[in-house]
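Protein chains in written order, with the numbering used here: chain A, 1 to 205; chain B, 1001 to 1266.
Even for Gly, the Cβ is constructed at its ideal location relative to N, Cα and C.
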Amino acid sequence: MTAAASSDGALIAAHAAGDPHAFTELVRRHRDRLWAVALRTLRDPEEAADALQEAFISAFRAAGSFRAESQVTTWLHRIVVNACLDRIRRRQARPTVPLPEAGPGEPAVTRDAMADRETSLAVQSALAELPAEQRSAIVLVDVEGYSVAETAKILGIAEGTVKSRCARGRGKLAKVLGHLRNPDAGDNVSHDAGARQARRHGEGR
Amino acid sequence: MTGNERRSRTPDGPPWSVDLLADLHAGVLDVDVAAELRPRVERDPEARAVLAALDATTADLAALPPVTMPPEVSARIEAAIQQEVRAAMANVGLQVSAPGPAPRGNVVSLDHARRRRRKQLGWGGGVLAAAAAVFGIVVMTLPGNTTAGTPQAQPGVTPSSSAPGPGDGPLTLKDSDLATVPPGVTGASDLGPLSDKAKLSACLQANGYPATTVPLGARQVTLDGKQGVLLILGDPAMVGRQRLLVVGPNCSAGNPDKLAEKTVGR
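As structure tokens, this is what we get:
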């Protein structure tokens, strides 16, 4: 009874009403985008698959409480991103290597390693060095092309926080990727109180 | 600190920190601060280089090639979802069947099944209630289900292959049973006298539904002693809400022959 042309909302309704195929149809529609988000947030295909499976089962069980005022895709993305972030928080055995905070004289890292990599591999590698919260914002906005507003809904945070996390993440990536060839430039005022006060949203991540 | 104090401070420079320039680039700064800062930044080569580096970074990120889910991951996830469907069915089935006597013959008592569902489905939302309904079909069609035992969900079983047919006899219902979707109806296609598509469409139209409505389930019933067909009609606009429509055997164009109509779910 699952119509291929059904809307996402109709599929959720059919699933909630007992259609055993509706949820699979919904997953097939959105699996590639959700896979991209999970893979780029976690960077490990096995972990991404585990997180997605966990997220889809969670969504399967929670579909009865889905409210139509939310977009199905936003709802699914939120569940997937949360599953990924939970996984990152739990896996303390494989912490990401945090970049130094823009202090004078700090080296831009891994230039040698980047030299013989394809650009996309370098970018993916650089993404891995961001804190998870910055990475998830960057992945959604800059890689997957979601608007700041949509990303804010997916992550359950304010739009200003999305922008702020993107700003911090892009600054670090620009250094790692070598676009900022002189990372010391301008950093001598990075602790300037006036500059910090000027920011509407103080949270950096 | 007040918002006015914040807005009154446009950071001195050049030079400016990468953090501040990244904030300007990302639209984090207040509009008036950004408006004041931007022309000054544009006049500073170092600051312009930082903004260009940020642009190059976002271009790199946007240029990452699209990825598609590998077939093995997709297969694994779909298998997990199917297992979830079967597990939900099995859980509910165990609740339905034990410890009381298994239903006998072709007429299924709802009270027994419902008592157990209500007792043990505290964690279930609409999905699991629906799974319970689907499982009801499995129980009714399991070979030898008139003897006591533990019904097992059948891997790969679908409502279309296990839905009760006319041989299972009508489901005996009271009007009060229509407070929720009776088990064994969702996914069933036991239309009886409405098996003819044109007749079903005419009947639905006579009852005010679009002729194209596809029931989520259908089951021949005896409602308070009257023969009829119970139809579950989904409401795509409201997740988890369905209409239960029971019509008599004479339902046709111009004759609704309505025995009952209830809204269930939320």
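Report task. Since I believe residue 1229 of chain B is in contact with residue 1192 of chain B (beta carbons under 8 Å), could you give me their beta-carbon distance rounded to a whole number of angstroms? Result -> 5 Å
Query raised in the report: Whose C-alpha, out of B:1040, B:1076, B:1020 and B:1227, is nearest the C-alpha of residue 1173 of chain B?
Result: B:1227
Report task. Give every residue of the same chain whose Cβ lies closer than 6 Å to the Cβ of residue 34 of chain A, excluding the five residues on either side of it in the sequence, and list them in chain order. Result -> 80
Query raised in the report: Between the Cα of residue 63 of chain A and the Cα atoms of A:136, A:180, A:157 and A:24, which residue gives the shortest distance?
Result: A:24
Query - Short-range partners of chain A found in the region 1065-1088 of chain B, where Cβ spacing is below 8 Å - result: 1065, 1066, 1067, 1068, 1069, 1070, 1073, 1074, 1076, 1077, 1078, 1080, 1081, 1082, 1084 and 1085
Query raised in the report: Helix, strand or coil for residue 1262 of chain B per DSSP?
Result: strand
Report task. Starting from the Cα of residue 1215 of chain B, find the closest Cα among B:1231, B:1225, B:1223 and B:1224 and give me that residue. Result -> B:1231
Query raised in the report: Along the region 1010-1021 of chain B, what residues have a CB closer than 8 Å to any CB found in chain A?
Result: 1010, 1011, 1012, 1013, 1014, 1015, 1016, 1017, 1018, 1019, 1020 and 1021
Query raised in the report: Using the C-alpha atoms, what's the distance from residue 13 of chain A back to residue 1185 of chain B?
Result: 16 Å
Query - Cβ of residue 1062 of chain B within 8 Å of any chain A Cβ - result: yes
Requested in this report: Select from A:44, A:170 and A:21 the residue whose C-alpha is nearest the C-alpha of residue 1083 of chain B.
Outcome: A:21
Requested in this report: Put residue 1137 of chain B into one of helix, strand or coil per three-state DSSP.
Outcome: Note on residue 1137 of chain B: pLDDT 38, under 50, position unreliable in the model; the coordinate value appears next. Helix at residue 1137 of chain B.
**Report entry** Length of the line joining the Cα atoms of residue 88 of chain A and residue 48 of chain A
**Finding:** 11 Å
Query raised in the report: Is it buried or exposed for residue 1207 of chain B, if we count other Cβ within 10 angstroms and need 16 for buried?
Result: buried
Query raised in the report: Cβ of residue 1054 of chain B less than 8 Å from any chain A Cβ?
Result: yes
Report task. For residue 952 of chain B, decide whether its Cβ has a neighbour in chain A, counting only Cβ atoms nearer than 8 Å. Result -> This structure leaves residue 952 of chain B out entirely; chain B is present only between 1001 and 1266.
Requested in this report: Rounded to whole angstroms, what's the CA-CA distance from residue 132 of chain A to residue 1018 of chain B? Just pull it up for me.
Outcome: 21 Å
Query raised in the report: Which of the residues in the region 43-64 of chain A, read from start to end, lie with their CB under 7 Å from any CB of chain B?
Result: 49, 52, 53, 56, 57, 60, 61, 63 and 64
Query raised in the report: Does residue 180 of chain A get closer than 8 Å to chain B when you measure Cβ to Cβ?
Result: yes
Query raised in the report: Just how far apart, CA to CA, sit residue 53 of chain A and residue 1020 of chain B?
Result: 40 Å
Requested in this report: Would you mind giving the Cβ-Cβ distance between residue 1220 of chain B and residue 1190 of chain B, rounded to the nearest angstrom? I have them listed as a contact below 8 Å.
Outcome: 5 Å
Query raised in the report: DSSP state of residue 163 of chain A, grouped into three classes?
Result: helix
Query raised in the report: Are residue 77 of chain A and residue 37 of chain A touching if we call contact CB-CB under 8 Å?
Result: yes
Query raised in the report: How is residue 1018 of chain B classed by DSSP in three states: helix, strand or coil?
Result: helix
Report task. Give the range of the beta strand (DSSP E) segment to which residue 1173 of chain B is assigned. Result -> 1171-1173
Report task. Provide the residue span of the alpha helix (DSSP H) that contains residue 1061 of chain B, from first to last. Result -> 1045-1062
Requested in this report: Please name the residue, chosen from B:1044, B:1066 and B:1025, that lies closest to residue 1054 of chain B on a Cα-to-Cα basis.
Outcome: B:1025
Query raised in the report: Do we get a CB-CB distance below 8 Å when we pair residue 20 of chain A with the residues of chain B?
Result: yes
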